[in-house]
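**Student:** Residue numbers for the sequence shown, in our numbering: 60 to 414.
No residue lacks a Cβ here, since even glycine has one placed at the ideal position from N, Cα and C.
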Amino acid sequence: MKDKVHAEVSSWRAGKKCSAKLKENPASQQSKAKAGTTRGTFEVDLPEAEAGKVKLRFAPEPSGYLHIGHSKAALLNQYFAQRNEFVDNLLKDIQTLGIKYEEVTYTSDHLDELMDMTEKLINQGKAYVDDTPREEMQKQRMDGIESKCRNHSKDENLKLWEEMKAGSERDLHCCVRGKLDMQDPNKSLRDPIGSNYKVYPTYDFACPFVDSIEGITHALRSSEYHDRNAQYYRIQEDMGLRKVHVYEFSSLNMVYTLHSKRKLLWFVQNDKVNGWDDPRFPTVQGIVRRGLKVEALIQFILEQGASKNLNLMEWDKLCTVVNDNDYSCNKYCLMYAINRLVMHAIDKLVMHAID
């Protein structure tokens, strides 16, 4: 990753050509016959998918380490197929999961093209520059109220756009917004922000653009982004770009577990944990450091499949996967006792307490 580029616009995507339908992981089929095992499936139909011509991407925002939920997204892409610390560790975690990708690209590679597209949208009257205070803008979007800047002339918008590119004092109060529909029931379509301070593009603005021009055929996203699918398609339509199909899968959420990178970051920054690889964290590095074999984690995720049904999983289920399979782990038992014990293994285990 280029040091000079801000983390907000850095993103890597894994392109993987594969067939439209994918089979279950052969390595995990050993446990399929176990009684009572409920398995998910990857036998799903991707819209307008041609065998051998499917190209996917995994595009995490590099604002934290990969957690167990991201692992599902990354593995799904394989099976259907800024800070340097975060970027490097995203790649490290992907390697840990055994995922192979064709290339690594960065959204920042397309900054000039994104700026040209923004200017094109302003000229076409599909975007405008807004200097409304953030809190007021948020309230207007909630209430469906148009900004006073929405009907500025093209020349006014271009003038403010030039100030944004120059990084002037006025730029501190400006952003570029798409002119969509402020009365749409789907609030993500109410004139979303496309470019922020110093014209850095937002994630929602950059993804539809980069996905299309990089030849991605299908964007696999968790269902938490469902309301943003219409926005994704609308932005591509306004840009005049090739449509990328969105396929949703359910998020993998664990009970009693924080998955928000923003909230996990608070623990790191306030020295409440030893780092992103703290064994108490749901990150890939944290789980591995806890002693879990990567093979068990992968099998657990694959058993959930590509279902759209919402999942709130118990950690005990992950432990069951470990216990039901021999992953060459050393297993230890800890007993708290004042007295010593003598253990005799004859026909059965007998334990005697010794004073």
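Hey, is the region 180-198 in contact with the region 209-223, meaning 3+ C-beta pairs nearer than 8 Å?
**Tutor:** Touching, yes.
**Student:** Please state whether the Cβ-Cβ distance between ALA365 and PHE308 is less than 8 Å.
**Tutor:** Yes.
**Student:** DSSP puts VAL235 in a beta bridge; with which residues?
**Tutor:** BP columns for VAL235 point to VAL188, SER254.
**Student:** With distances taken Cα to Cα, identify the nearest neighbour of GLN183 among LEU239, VAL269, TYR306.
**Tutor:** Answer by Cα proximity: LEU239.
**Student:** I'd like the ranges of any beta strand (DSSP E) spanning at least 3 consecutive residues and lying wholly in the region 316-358.
**Tutor:** List check, beta strand (DSSP E) in window: nothing returned.
**Student:** Can you tell which of MET394, PRO341, ARG293 has the C-alpha that lies nearest to the C-alpha of LEU377?
**Tutor:** If we check each option's Cα against that of LEU377, PRO341 comes out closest.
**Student:** Please report the straight-line C-alpha distance between TYR395 and GLY350, rounded to a whole angstrom.
**Tutor:** C-alpha separation (whole angstroms): 21 Å.
**Student:** Per DSSP, what kind of secondary structure is PRO260 in: helix, strand or coil?
**Tutor:** Strand at PRO260.
**Student:** State the Cα-Cα distance for the pair LYS63 and LEU369, rounded to the nearest angstrom.
**Tutor:** For LYS63, the predicted model reports a pLDDT of 37, less than 50, meaning its position is unreliable; a value from the coordinates is still stated below. Their Cα atoms are separated by approximately 39 Å.
**Student:** If you run the structure through DSSP and keep just helix, strand and coil, what is LEU371?
**Tutor:** Strand, per DSSP.
**Student:** Answer yes or no: do ARG236 and ILE252 have a C-beta to C-beta separation smaller than 8 Å?
**Tutor:** Closer than 8 Å, so yes.
**Student:** Alpha carbon to alpha carbon, how far is THR177 from MET241?
**Tutor:** Straight-line Cα distance between these residues: approximately 20 Å.
**Student:** With three or more beta-carbon pairs closer than 8 Å as the criterion, would you say the region 299-306 touches the region 271-280?
**Tutor:** Contact holds: three or more Cβ-Cβ distances are below 8 Å.
**Student:** Which residues in the same chain have their Cβ closer than 7 Å to the Cβ of ASP337, if we skip the five residues on either side of it in sequence?
**Tutor:** GLY345.
**Student:** Check whether the Cβ atoms of VAL380 and GLN363 sit closer than 8 Å, and answer yes or no.
**Tutor:** Result no, Cβ atoms of VAL380 and GLN363 do not sit closer than 8 Å.
**Student:** Does DSSP put MET313 in a helix, a strand or coil?
**Tutor:** Three-state result, MET313: strand.
**Student:** Taking Cβ positions, are ILE360 and LEU323 nearer each other than 8 Å?
**Tutor:** Going by C-beta atoms, ILE360 is not nearer than 8 Å to LEU323.
**Student:** So, are the CB atoms of ARG287 and ASP263 less than 8 Å apart?
**Tutor:** In this structure, ASP263 lies closer than 8 Å to ARG287 by Cβ.
**Student:** Out of ALA289, ILE294, LYS207, LYS320, which one is the CA nearest neighbour of PRO244?
**Tutor:** Nearest C-alpha to PRO244: ALA289.
**Student:** Suppose you measure from the CA of ASN384 to the CA of LEU317; what does that come to, to the nearest Å?
**Tutor:** Roughly 27 Å between the two C-alpha positions.
**Student:** So ALA265 and LEU173 are supposed to be a Cβ contact under 8 Å. How far apart are they, rounded?
**Tutor:** Their Cβ separation, rounded to whole angstroms, is 6 Å, which keeps ALA265 and LEU173 in contact under 8 Å.
**Student:** PHE139 by DSSP, collapsed to three states: which one?
**Tutor:** Unreliable positioning characterises PHE139 in this predicted model, as indicated by a pLDDT of 48, which lies under 50. The coordinate reading is nonetheless provided below. DSSP places PHE139 in coil when its eight states are reduced to three.
**Student:** Mind listing, in chain order, the continuous beta strand (DSSP E) runs of no fewer than 3 residues lying wholly within the region 153-228?
**Tutor:** For the region 153-228, whole beta strand (DSSP E) runs of length 3 or above, ordered along the chain, are 186-189.
**Student:** Given that a residue counts as buried once 16 or more other Cβ atoms are within 10 Å of its Cβ, and exposed if not, what is TYR391?
**Tutor:** It is exposed - the Cβ of TYR391 has fewer than 16 other Cβ atoms within 10 Å.
**Student:** Can you tell me which of the three DSSP states PRO244 falls into?
**Tutor:** Note: PRO244 maps to coil in three-state DSSP.
**Student:** Whose CA, out of MET313, TYR292, TYR259, VAL314, lies closest to the CA of HIS304?
**Tutor:** Comparing Cα-Cα distances from HIS304 to each of MET313, TYR292, TYR259, VAL314, the minimum goes to TYR292.
**Student:** Specify the secondary structure class of ASN382 as computed by DSSP and reduced to three states.
**Tutor:** In the structure shown, ASN382 sits in a helix (DSSP, three-state: H, G or I).
**Student:** Check each candidate in LEU248, LEU231, GLY157, CYS208 and name the one with the smallest Cα separation from VAL258.
**Tutor:** Of the candidates LEU248, LEU231, GLY157, CYS208, the one whose C-alpha sits nearest the C-alpha of VAL258 is LEU231.
**Student:** Between which two residues does the alpha helix (DSSP H) holding GLN290 run?
**Tutor:** Looking at the DSSP string, the run of the alpha helix (DSSP H) that includes GLN290 is 288-298.
**Student:** Rounded to whole angstroms, what is the Cα-Cα separation between LYS198 and MET372?
**Tutor:** Distance between the alpha carbons of LYS198 and MET372 is about 35 Å.
**Student:** Taking DSSP as the reference, what is the three-state secondary structure of CYS392?
**Tutor:** It is coil, neither helix nor strand.
**Student:** Check SER366 in the structure and name its three-state DSSP category.
**Tutor:** In this structure, SER366 counts as coil in the three-state DSSP scheme.
**Student:** Whole angstroms are fine: how far does the CA of THR155 sit from the CA of ARG348?
**Tutor:** In a straight line, the C-alpha of ARG348 is about 12 Å away from that of THR155.
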